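Asks: Under my numbering, residues 50 to 139 are what the sequence shown spells out, in order. Below are the structure tokens for one structure; questions will follow.
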Amino acid sequence: MYDIDWRRTTSRQFTAAQVQAVLYTKRASGDWEAMLWLVYKVRPFGREQLELTTHYPLAPWLHTADQQALHTLLCQILTARHWGEMAGGE
């Protein structure tokens, strides 16, 4: 994944063991409407005992319909590659 910021571009790599789900959230009210997330496990500071689950936003600049289409496509690709059961939600 490439994270493009106005200051710099960084890249992140995820393994099958890290990725838990591709999550699509949509809220009717509030200050945000819809967001596509990659849910993954991380071990901060290299500690084997400590494992946290966090969310990484995917393509936040896309419109809602495009995020839905991207969610469907990513779920199909990751499931076909046996990356586990990819979940969607609201």
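Even glycine gets a Cβ: it sits at the ideal position worked out from N, Cα and C. Model, not experiment: these values are computed from the prediction.
Considering only C-alpha positions, which residue in the set 106, 126 and 128 is nearest to residue 52?
Replies: Translated into positions along the sequence shown, residue 52 becomes position 3. Ranking 106, 126 and 128 by Cα distance to residue 52 puts 106 first.
Asks: Hey, is residue 92's beta-carbon within less than 9 Å of any beta-carbon in chain D?
Replies: No chain D is part of this structure, which consists of one protein chain only.
Asks: Out of curiosity, what's the CA-to-CA distance linking residue 61 and residue 75?
Replies: Along the sequence shown, one-based indexing puts residue 61 at 12. Along the sequence shown, one-based indexing puts residue 75 at 26. Distance between the alpha carbons of residue 61 and residue 75 is about 25 Å.
Asks: DSSP three-state label for residue 69, please.
Replies: Counting from 1 along the sequence shown, the entry for residue 69 is found at position 20. Looking at residue 69 - three-state DSSP - the assignment turns out to be strand.
Asks: Taking the beta strand (DSSP E) that residue 120 belongs to, which residues open and close that run?
Replies: Residue mapping note: residue 120 aligns to position 71 of the sequence shown, counting from 1. No beta strand (DSSP E) holds residue 120; the alpha helix (DSSP H) holding it covers 113 to 129.
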